[in-house]
Amino acid sequence: MKITSSISGKGGLLQIPNTGIKLVFPPNAVTEEHNIQVKIIPPSLLNEPATSFSSNSSVVLELLPNGLQLKREVSLTLPHCLTFINEEKAKAKIYVSHHEEGQRPRWEERPLSPYIFHRSKCTVRLLAFCWLKVIIDDTEVEAKNLVVFAAKTMLRNKQTAKVEVGYYEDIPERGEPNEIPWRSIAVSEERLVPFVLQRRQNMDSFCNFLAQQGNYNPIKFEIELEVDQSTGEIADSTVPDCILEYLAKKLCSEWQRLAMYLNISDGDLDNLKEDNRRCHQDVKFFMLRLWRKKNGTGATYRVLATALDKADRRDLQQYVMRQGNNNY
1 MKITSSISGK
11 GGLLQIPNTG
21 IKLVFPPNAV
31 TEEHNIQVKI
41 IPPSLLNEPA
51 TSFSSNSSVV
61 LELLPNGLQL
71 KREVSLTLPH
81 CLTFINEEKA
91 KAKIYVSHHE
101 EGQRPRWEER
111 PLSPYIFHRS
121 KCTVRLLAFC
131 WLKVIIDDTE
141 VEAKNLVVFA
151 AKTMLRNKQT
161 AKVEVGYYED
171 IPERGEPNEI
181 PWRSIAVSEE
191 RLVPFVLQRR
201 QNMDSFCNFL
211 AQQGNYNPIK
221 FEIELEVDQS
231 TGEIADSTVP
241 DCILEYLAKK
251 LCSEWQRLAM
261 YLNISDGDLD
271 NLKEDNRRCH
281 QDVKFFMLRL
291 WRKKNGTGAT
301 YRVLATALDK
311 ADRRDLQQYV
321 MRQGNNNY
């Protein structure tokens, strides 16, 4: 998705519809007219693993023309779905990249970039164009807000229905599941209702809520993750050391390409090579350990299998998928 507009010294506004992304030019930010573009970069074009739900990263944006220097700061607004422990003290890190077209982003933190949080958005002030993303520290985040749209015929003889949701999160144990009543929801009415996704011992994520339309009896809905073993779907649990050790022994020259797809930076690779000159097996293993450390609960069988597939090691991808299913 993208938006393009011609901006002159009078200033102007670019806004991608239905996304909450907005770029505001004050007067005299540019001295001559420019064709400005704001583009959302999908994960498939980043040469990086897909962002997991546990990530607190914003979407990645490309601002064109790349490298454009501005006379006055412009305001870039990005949406977020986070609830902060203390909104006034919430902190973010701004990352930019000025890489060549077709190359992998080289992210650099801009600690002095001014920003401000609002209830559902973050506004960053910029003096130059580039690729940009915003990452919020986990310690600042209390919860994430999801909007669930469910369309289902009201049931006459069955009081339980299953609703499929696109994301499932591992949340620390919070006791019994919450049952949240939707007291009366008209057919054409939208309501925001808080709920908690929890992880059970068998690794399913679930929550319960009640919905009622008109005079119909309330129906209890369950949101849960169902894994069909016959489809080879992988459990979203963290990969243990024994799997990483096996992969380290089997990986060959493609291990550095795998590191790229696991979002291990060139600087981290250089440090690993320096610290582990004894043999490549050590480097491969510690590279995988570093990936797991950086991603925490996001270092799952699913993510690792996807990266192995991109690195053309489908034999190891299938091994990881089997181990993931056995672990489920």
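Reminder that position 24 of the sequence shown reads as 24 in my numbering, one-by-one numbering, no gaps.
Where is the CB? At the ideal position from N, CA and C, for every residue including glycine.
Just to confirm, are residue i and residue j a CB contact at a threshold of 8 angstroms?
i       : j       : result
Lys-133 : Ser-58  : yes
Val-320 : Ile-243 : yes
Ala-311 : Tyr-261 : yes
Leu-14  : Ser-6   : no
Lys-353 : Ile-135 : Examination of residue 353 is not possible in this model, given that the chain is present from 1 through 328 alone.
Val-38  : Lys-2   : yes
Glu-245 : Arg-313 : no
Lys-91  : Asp-138 : no
Met-287 : Ala-307 : no
To the nearest angstrom, how far is it from the Cα of residue i to the Cα of residue j?
i       : j       : result
Gln-256 : Thr-123 : 36 angstroms
Pro-27  : Ser-265 : 39 angstroms
Asp-275 : Pro-17  : 49 angstroms
Ile-116 : Val-60  : 18 angstroms
Leu-78  : Lys-10  : 23 angstroms
Val-141 : His-80  : 11 angstroms
Glu-189 : Glu-73  : A caution first: Glu-189 carries a pLDDT of 40, below 50, which makes its placement in the model unreliable, though a value can still be read off. Taking the straight line joining both Cα atoms gives about 41 angstroms.
Thr-238 : Gln-103 : 30 angstroms
Lys-249 : Asp-241 : 13 angstroms
Leu-247 : Asp-309 : 13 angstroms
Val-24  : Gly-12  : 6 angstroms
Ser-120 : Gln-323 : 39 angstroms
Lys-293 : Tyr-301 : 14 angstroms
Does DSSP classify residue i as helix, strand or coil?
i       : result
Lys-91  : coil
Trp-255 : helix
Ala-128 : strand
Arg-314 : helix
Lys-10  : coil
Ala-143 : strand
Glu-32  : coil
Ile-41  : strand
Gln-69  : strand
Cys-122 : strand
By Cβ distance below 8 angstroms, which residues in the same chain neighbour residue i in space, the five residues on each side in sequence not counted?
i       : result
Gly-67  : His-98, Ala-128, Phe-129, Cys-130
Leu-290 : Ile-264, Asp-268, Leu-272
To which residues of the same chain is residue i closer than 7 angstroms at the C-beta, ignoring the five residues directly before and after it?
i       : result
Val-96  : Glu-108, Arg-110, Cys-130, Trp-131, Leu-132
Val-283 : Leu-272, Lys-273, Asn-276
Phe-285 : Leu-244, Glu-245, Ala-248
Beta-carbon within less than 6 angstroms of residue i's beta-carbon, same chain only, minus the 5 sequence neighbours each way: which residues are those?
i      : result
Thr-19 : none
Ser-8  : Glu-33
Thr-83 : Glu-142, Ala-143
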